[in-house]
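Residue numbers (the numbering used here), protein chains in the order written: chain A, 254 to 611; chain B, 254 to 611; chain C, 254 to 611; chain D, 254 to 611.
Working notes, structure below.
There are 4 protein chains.
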Amino acid sequence: MSNTFGDVFKITVFGDSHGKAIGGIVDGCMAGLAIDESLLTKELSRRSAGNDFFSSPRKEMDAFEILSGIMDGKTTGGAIAFTIPNNNVKSDDYLNLDSLFRPSHADFTYFAKYGTTVSAGKLQASARIFAAVVLGGAIAKQMLHQFGISIYGFVNQIGTVSFDKSYKEIKPETIEDSIVRCPDIATSEKMMEELKTVKANHDSVGGKICCVITGCEPGLGDPIFEKLQARLAHAMFSINAVKGFEYGSGFRAAGMTGSQHNDEFIIKKKKLSTLTNHSGGIQGGITNGEDIYFNVAFKPAPSIGQRQKTIDREANEVEFTASGRHDVCFVPRAVPIVEAMAALVMADTYLKNMKNAE
Amino acid sequence: MSNTFGDVFKITVFGDSHGKAIGGIVDGCMAGLAIDESLLTKELSRRSAGNDFFSSPRKEMDAFEILSGIMDGKTTGGAIAFTIPNNNVKSDDYLNLDSLFRPSHADFTYFAKYGTTVSAGKLQASARIFAAVVLGGAIAKQMLHQFGISIYGFVNQIGTVSFDKSYKEIKPETIEDSIVRCPDIATSEKMMEELKTVKANHDSVGGKICCVITGCEPGLGDPIFEKLQARLAHAMFSINAVKGFEYGSGFRAAGMTGSQHNDEFIIKKKKLSTLTNHSGGIQGGITNGEDIYFNVAFKPAPSIGQRQKTIDREANEVEFTASGRHDVCFVPRAVPIVEAMAALVMADTYLKNMKNAE
Amino acid sequence: MSNTFGDVFKITVFGDSHGKAIGGIVDGCMAGLAIDESLLTKELSRRSAGNDFFSSPRKEMDAFEILSGIMDGKTTGGAIAFTIPNNNVKSDDYLNLDSLFRPSHADFTYFAKYGTTVSAGKLQASARIFAAVVLGGAIAKQMLHQFGISIYGFVNQIGTVSFDKSYKEIKPETIEDSIVRCPDIATSEKMMEELKTVKANHDSVGGKICCVITGCEPGLGDPIFEKLQARLAHAMFSINAVKGFEYGSGFRAAGMTGSQHNDEFIIKKKKLSTLTNHSGGIQGGITNGEDIYFNVAFKPAPSIGQRQKTIDREANEVEFTASGRHDVCFVPRAVPIVEAMAALVMADTYLKNMKNAE
Amino acid sequence: MSNTFGDVFKITVFGDSHGKAIGGIVDGCMAGLAIDESLLTKELSRRSAGNDFFSSPRKEMDAFEILSGIMDGKTTGGAIAFTIPNNNVKSDDYLNLDSLFRPSHADFTYFAKYGTTVSAGKLQASARIFAAVVLGGAIAKQMLHQFGISIYGFVNQIGTVSFDKSYKEIKPETIEDSIVRCPDIATSEKMMEELKTVKANHDSVGGKICCVITGCEPGLGDPIFEKLQARLAHAMFSINAVKGFEYGSGFRAAGMTGSQHNDEFIIKKKKLSTLTNHSGGIQGGITNGEDIYFNVAFKPAPSIGQRQKTIDREANEVEFTASGRHDVCFVPRAVPIVEAMAALVMADTYLKNMKNAE
């Protein structure tokens, strides 16, 4: 089911980077949910909003159209279909590269899988399809909001500049004040410096996002192969360019002892809670009521303005310089995508677990 | 489908830690595959083999019985069912803890999900069910072997001791020579020292495993939500105690530039290859023919011999010391589990992609 | 997955009867398949083409738009998304019935499931969404055509008029010559008489369709819960108003003995074949290479022009007469829908089984 | 997923007819459900109980063993695994037929799908695996019982003898009094006469079962491709030898007009109900609260004592007479299988729909 994600709350997306439209179908959303379309617009614009320092100049006007499933501002219980038109398509920029395999792009692997008929990799592997994911995630967020669950992400690394503090030390409402979506002002400025340097080198740079899910009741998730962390990891690695995922203590846990790592149970405000949260809100695949938090690492965009060597379909060695648009760093723009995938996982998990409610 | 993994080559497992048997069903394996049962025994013993320094003294005699699907040493195409009896069960060790929530165990979350009737968390969340996974993975490995695909893992961190070199610098055939499954002799000895210290403290310690998949042809995997790395991540986070997963360049990619990270295509031995392999053998969710490699981080076992504070079901503060068996470090024993989950992913991916063969 | 059908070749549909558009996404179609869009138009028009005797006067101009997945006339391997605009929508005809439960419609059951917010039943339960199914089926047919598999259906009963001969005694190419899609001229005329009588009574009438699948190689399908006949039955009962399904000898088999019913194997044209075909081309859930054939029974349309009694949402007894359009008999128009669902099953089955090809 | 059925309440079965055991895993059953094992035994014995007139002399002692998921008489929420040993296996009876394709058996189709290595068809296609289905269904029945849902079936045709009255005219508690499971005494005796004649001819005979599901609240089921009738049809055609399925008015609906067929809504005992029930308790794929009822047609067993012609693997014409056990008519023994598959569908549907409960 490569274009479908979820078991109960499901999304199916479609879209070539240079076709008429991309879009998706959300199936399984509860009936009677009020949908505020301005919030859908807001999430979409968070993904597409450009900035000359880290983003490509392509101005994607992510207008969308709801085709079914919402009537008089409320979900009907039927599938919610939507399209997002592709504007400003300059296919020539890409398609003149059709005969060579760009390094660290999906050109070669799509060629190996789908054959020679079209440059499928260039079409399908576009990150633009994640605009549809963001829109579906925005619907999921509105459903989750009703159950008290909130999700936010922020950038805690761009290239050599890191923000190493816990999510507990930032104010979520300040994230959007930073162009790079890092809520620490000093770090945010250093990241902008890093981006200027990279841009001057006609290069790109990677980064890292921290995402936080608050408000989950205990008991959400499943054992064995459907642990909540497995669903979240699956979701995050569905995003283009993701190279690493860790939740709670993450990779640091490998260096810790049990006596350091164990989260002691306590009673806080008459509720069972834990003194520390190395578990990241999940134990045995199931929520324990504490915050869920995780990091997602992104590689640098493979499209750079420098001259590169590669091989073409006829096995010739060639050199090329990518023309057209490309991002210096797409990590800030990936924040709403990370949030959207998390929202899709949580909406699905929430509805799946309502069957255990009684 | 919490107890089932895979779409074409599928495994369904079952087993309470203290019931009569655990086991599983492998459905979708190709017909006519020769199965060497001694290799199944070998894989099982790799998981269960104890060592006084890092493992619990419980001697699990992982005999198994094939109930269906194999006849005269070959698969029939039907479901392959197997059981592994539970011996040496001392349920009292666990069940006298029934009324309290052990820190960083699944006791509380299973209680929240499944209710009070039985100590489900203590029953189901046992790592022992992964013996069934190892057996299913051993069948998958034999199928993959026929297509030239091999999988091996090794320990590259235990607590504060790391082995930081690439998998390319080790000899896979020496892994099993080390009690801790680290093929570098000097590091292996340091890890043993670390384990002795931790054991003396009645504590446990985490660690990290590197796993390598060789021999994949280009073109295996799927785009969007079924990227091969997403399936691998899902598989790894299904394993108890996993806190982090990264493939190829992993978290390091966040600090790199595109010009550093891009894998230049070259022709090597008349085959398209890449000069570097930051991509970890996967581009756009699909194999490119290079080695797939990834790291998996494990938290320390939450069962330790030190006195701990916690809360019981009646919300009382209590103190306890876990009696009975517990591992100082289960990471070396997790190597065959990581390999097995990887094998299940690859067998499923391989069979799914055969439809693109023509 | 209520809006998605299939495992490998999958369709996801959407659409309210009175929204902007209906449509769907076909995911999993092979890459490089030539798509003749005129054949898609033809199939759509077979479903929508009206006739004053048996069909509603609504002229549905089923134009469609392909949004992704096809480039230069060939599939790319990516998801194929399409929309079909809704024209000529007169929502008032339906929606003034909003407060009452029409007999044998889905009004009450959708109300019970989805609640009061919108008249979901009237929106979603519309047969119009099957235009999207027909379009997806038309893509499946073109894929199957490449592998030598053909599908056709015809009407063999309308109300009291039946055509009881085997599908072997008709000429498939004459089906479309008949307004009621019954290739026997004499029966076709009797059916038209029946329709005139029913229409004069402001009533509707049921009917039956026979569908035939030719050209399957032996070995397609799966055992146990995924028998080919189970998939076909599932597909047919997904169509609105279907009340019965039988394949091969069908219900007659209940009255037969084994010596009458067994299909003796013979060699015909150097190929294994059977003397009779009570098995309907399937044995043990898997094709044997003979023709697959089955019957599908439809109830009469519940919308009739007569005055009817029912109950409204406030539990009052009410009388009403349905205004607006309604079909005397939708069975002839259901022929392309039956074919489309059969094509979706066979395309999925075919791709699933390619993994057994080697 | 050929050996797995269901989405939330799932069963995975395994078993070769002549291996050590058959069995299954039920995953997704609610926690805390009391399981009466004597009811499991009772259902199993209903399937296996032999009778010299219509059943084979093989005495299958269907003892079973629960391996996991039930503790102290209650479900834990974990997977419930069970095995049923195969006793009295006389493999020679079957396997000396290994080189020929028995008419209307799955020998040839399994050969075409799985190849020559083993006589997979003879192993896997055995109806015996449905003992595991019956056991899983017995667990589902106990869950459904708690929600007021009951399921019963009875035989309403054996060969030329039919019982044509509605299920409303029989007393369900008398079904088991009849050897052939037909609650009408006079018809039951005629059926026994038919069976004696067929047996004397060394032949077999088909039949038909009516199954009734009572106690469903309105609103269970899903639209489009997961209509409740589609799930039931899928389930029934998973049973070996099923050739037809109809629910409610079934095939008769094809001959009816809308004014005859429409079920007028009325208020009965202060509850919305319908005057007639041609809808068979389902409208638009969703329950309306009336009884669900359906008919399932079975072909005669293909194993008969008469001499038959066929073809062997080397394409030679051969004659053979099946030795060993075979049923004159397995339809009475199929009643608990039909009920079990219906119970599995309803348990799955019920749990899926609990998410709409609030």
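We put the CB at the ideal spot given by N, CA and C, even for glycine.
Listed by position along chain A, the residues whose Cβ is nearer than 8 angstroms to that of B:Leu-525 are Phe-354, Phe-361, Ile-564, Ala-568. Linking B:Phe-317 to A:Tyr-363 through their CA atoms gives a straight-line distance of about 42 angstroms. At a cut-off of 9 angstroms, the C-beta of D:Val-266 has a neighbouring C-beta in chain B. In the displayed model, C:Lys-562 falls within a strand according to three-state DSSP. Bridge pairing for A:Cys-463: A:Phe-407, A:Asn-548 [DSSP]. Under the DSSP assignment, B:Pro-338 falls outside any alpha helix (DSSP H), being part of the beta strand (DSSP E) whose first and last residues are 333 to 338. Runs of the alpha helix (DSSP H) lying entirely within the segment 432 to 513 of chain B, each at least 4 residues long, are 438 to 453, 481 to 490 in chain order. Nearest to D:Gly-511 by C-alpha distance, out of D:Phe-498, D:His-531, D:Ser-526, D:Asn-493, is D:His-531. Contact of C:Asp-437 with chain D is not assigned, every C-beta pair being separated by 9 angstroms or more. By the Cβ neighbour-count rule, A:Lys-496 is buried, with 16 or more other Cβ atoms within 10 Å of its own. Take A:Leu-528, set aside five residues on each side of it, and the residues of its chain with a beta-carbon closer than 6 angstroms to its own are Glu-517, Ile-519, in chain order. Not a single C-beta of chain D is nearer than 9 angstroms to the C-beta of A:Lys-521.
The continuous alpha helix (DSSP H) containing B:Gly-389 extends over residues 383 to 399.
Spatial neighbours of B:Arg-566 in its own chain (CB-CB distance under 8 angstroms, excluding positions within 5 residues in sequence) are listed in chain order as Ser-352, Leu-353, Phe-354, Phe-364, Thr-369. Counting along the chain, the unbroken beta strand (DSSP E) around A:Phe-573 starts and ends at 570 to 574.
At least 9 angstroms separates the CB of C:His-398 from every CB of chain D.
Within chain C, the residues placing a beta-carbon under 8 angstroms from that of D:His-358 are Gln-536, Gly-537, ordered along the chain.
Boundaries of the alpha helix (DSSP H) around D:Ser-291: 290 to 301. With a cutoff of 9 angstroms on beta-carbon distance, C:Ile-535 and C:Gly-390 are scored as not near each other. Sixteen is the threshold: since fewer than 16 other Cβ atoms of the shown chains lie within 10 Å of the Cβ of B:Thr-574, the residue is exposed. About 3 angstroms separates the beta carbon of B:Ala-359 from that of A:Gly-537, a gap short enough to meet the 8 angstroms contact definition. Take B:Gln-559, set aside five residues on each side of it, and the residues of its chain with a beta-carbon closer than 6 angstroms to its own are His-455, in chain order. The beta carbon of A:Asn-606 sits closer than 6 angstroms to those of Leu-473, all from its chain and outside the five residues before and after it, given in chain order. For C:Asp-280, the enclosing beta strand (DSSP E) covers residues 274 to 280. In the assembly as shown, C:Glu-499 is a buried residue. Its beta-carbon has 16 or more other beta-carbons within 10 Å.
Taking 7 angstroms as the upper bound on Cβ-Cβ separation, chain A lies near no residue of the segment 475 to 498 of chain D. With respect to the C-alpha of A:Lys-480, the residue from B:Ala-595, B:Ser-491, B:Gln-410, B:Ser-357 having the closest C-alpha is B:Ser-491.
Annotated three-state conformation of D:Phe-354 is strand, per DSSP.
Here the alpha carbons of B:Ile-402 and B:Ala-568 stand approximately 52 angstroms from one another. Going by DSSP, A:Ile-428 is part of no beta strand (DSSP E) at all; its letter is neither H nor E.
If the five residues before and after D:Ala-385 are omitted, its C-beta is found closer than 7 angstroms to the C-beta atoms of Val-266, Gly-268, Ile-275, Gly-276, Gly-277, Ile-337, all from its own chain and listed in chain order. By the neighbour-count criterion, in which 16 or more other beta carbons inside 10 Å mark a residue as buried, C:Gly-459 falls on the buried side.
Among the residues facing chain B, C:Val-279 is not included, as its CB has no counterpart in that chain under 9 angstroms away. Considering only A:Ser-379, A:Ile-319, A:Leu-604, A:Val-549, the residue with the shortest C-alpha distance to A:Leu-485 is A:Val-549.
The beta carbon of C:Gly-472 does not come within 9 angstroms of any beta carbon belonging to chain B, so the residue lies off that interface. A Cβ-Cβ separation of about 22 angstroms leaves B:Tyr-367 out of contact with D:Ala-596 under the 8 angstroms criterion.
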